[in-house]
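Under our numbering, the first residue of the sequence shown carries the number 477, and numbering increases by one thereafter.
These notes concern the structure reproduced below.
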Amino acid sequence: MPSLNSKNVVTVCNIVPRSGFSKKFWQDYRSRKCSGSGVVGTMEKLAKFGMDQGGSLAKVSDQDLAAVLSAYKGALRAAFVKAQGKAKSGVAAESAVLCQAYIDTIDDEAKRAQRRLDIMKQKAETEAKERRATAETLQDMGRQLIQLGKVCEKAEKEMKKCQVNLQKAFKSSAMQDGAKRNVMDGVFEDAEKSFEKLMKPTVKTINNIIKMEKNLKPPIDKNSPKEHQAIKKQYLTILDDVKTKRGKAQSSYAGTQSYYTKSIKNL
C-alpha cells in the first residue's frame with residue numbers, strides 16, 4: 477500500500493482534483509489519525525448524486541445541485557477540516573497537507589458550482605418574468621375580447637331591429653309598393669353600413685388576438701403555474717363566448733339580408 481511522505485506529498489496532492497475523491501484513494505494516503513472524521517461517508521453520499529472522483533459537481537443534476545453544493549462545501553469540507561486538525565503534528569503532518577489539497581479543491585469547485593447555480597437562478601427568474609408577461613398579455617386579450625363581444629351583441633341587436641323595421645314597412649297598408657321599396661332600401665342600407673362599420677374591425681381584431689395567443693412565448697401549458705393556467709382557461713372561455721356572439725351577429729345579418737331580398741322581390 478502506498479504511503480504519504482515528504483517526497484510524494486506534492487505529487488499526491490496534485491492527483492486530488494483529478495481522482496482523489498474516492499474511498500480507496502483517501503484511505504490509501506491519509507494517516508490513520510484522520511479516521512473517524514466523516515470523510516468517506518460524506519463522499520459516498522455525494523457520489524450517489526453525481527460528484528465524480530475529481531470532486532467535480534458538473535454531473536450533478538440541476539434539481540439536486542443546490543442541496544449537493546450545500547453538503548459539499550458544508551459537511552464534506554468540515555470533514556476534511558476535522559481530519560486536518562487530527563493530523564497537524566508528528567508523523568501525520570503530510571496528511572494535513574493532503575487535507576488542505578482537498579479543501580482547496582472543494583473551495584474551487586464550489587465557486588464553479590455556485591456560478592452554475594447563479595446562472596440557473598437567473599434563467600429561472602427570466603423565464604418566470606416571461607411567463608408573467610404572457611399571463612398579463614392573455615388577461616389584456618381577454619379584456620379586449622369582452623369589449624369585442626359587446627360590439628358583436630350590438631351589431632346583432634341592430635340587425636334584429638332592422639328586420640323588425642323591414643317587416644313593418646313590408647306589411648304596411650298605408651304605403652304603395654314603390655314607397656315600401658324605398659323605405660325598405662333605406663332601412664337595410666343604413667343597417668348594413670352600420671353592421672359593416674361595427675363588425676369588420678371587430679372580426680379583424682378577434683382574428684389577430686387568436687393569432688397572437690398562439691404565438692405567445694413562452695406558452696402557458698400544463699407545466700405553467702396554476703394561476704397562469706387559470707388565466708389561460710379564463711381567456712379560452714372568453715374567446716369561445718366572443719366567437720359565439722360573432723356567429724350570432726353574422727347569422728342575424730344573413731337572416732335580415734335574406735328577408736330583405738325575398739321581400740323586395742314580392743313587391
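Where a beta carbon is used, it is the ideal one built from N, C-alpha and C, also for glycine.
Check whether residue 700 and residue 607 have beta carbons under 8 Å apart: yes
Using 8 Å for Cβ pairs, my map puts residue 714 next to residue 622. What's the rounded Cβ distance? 6 Å
Shortest alpha-carbon distance to residue 616 belongs to which of 692, 651 and 545? 692
Do the segment 504-512 and the segment 588-598 meet, that is, are 3 or more Cβ pairs less than 8 Å apart? no
Do residue 510 and residue 559 come within 8 Å of each other at the CB atom, strictly closer than that value? yes
Return the first residue and the last residue of the alpha helix (DSSP H) that residue 512 is part of. From DSSP, residue 512 is part of no alpha helix (DSSP H); its letter is neither H nor E.
Taking 6 Å as the limit between beta carbons, can you name the residues of its chain near residue 641, skipping five residues before and five after? 663
Which word fits residue 639, buried or exposed, when buried means at least 16 other C-beta atoms lie within 10 angstroms of its C-beta? buried
Starting from residue 532, follow the alpha helix (DSSP H) in both directions and report where the run begins and ends. Premise fails: residue 532 is in no alpha helix (DSSP H) and is neither H nor E.
May I have the straight-line CA-CA distance separating residue 600 from residue 735, to the nearest angstrom? 60 Å
Going by beta-carbon coordinates alone, are residue 660 and residue 646 separated by less than 8 Å? yes
Rounded C-alpha distance that separates residue 562 from residue 494: 25 Å
Could you check if residue 712 is buried or exposed, using at least 16 other CB atoms within 10 Å of its CB as the buried criterion? exposed
I'd like to know whether the C-beta atoms of residue 528 and residue 521 end up nearer to each other than 8 Å. no
What is the DSSP secondary structure of residue 694, reduced to helix, strand or coil? coil
Per-residue DSSP class, three states only, for residue 742: coil
Could you give the first and the last residue of the continuous alpha helix (DSSP H) run that contains residue 587? 569-647
What whole-angstrom Cβ distance do residue 674 and residue 627 have, given they're in contact under 8 Å? 6 Å
Under 8 Å: do the segment 578-587 and the segment 530-549 share three or more Cβ pairs, one atom per stretch? yes
Residues in its own chain within less than 7 Å of residue 636 by CB, not counting five upstream and five downstream? 728
Quick check: residue 631 and residue 725, are their CB atoms within less than 8 Å of each other? yes
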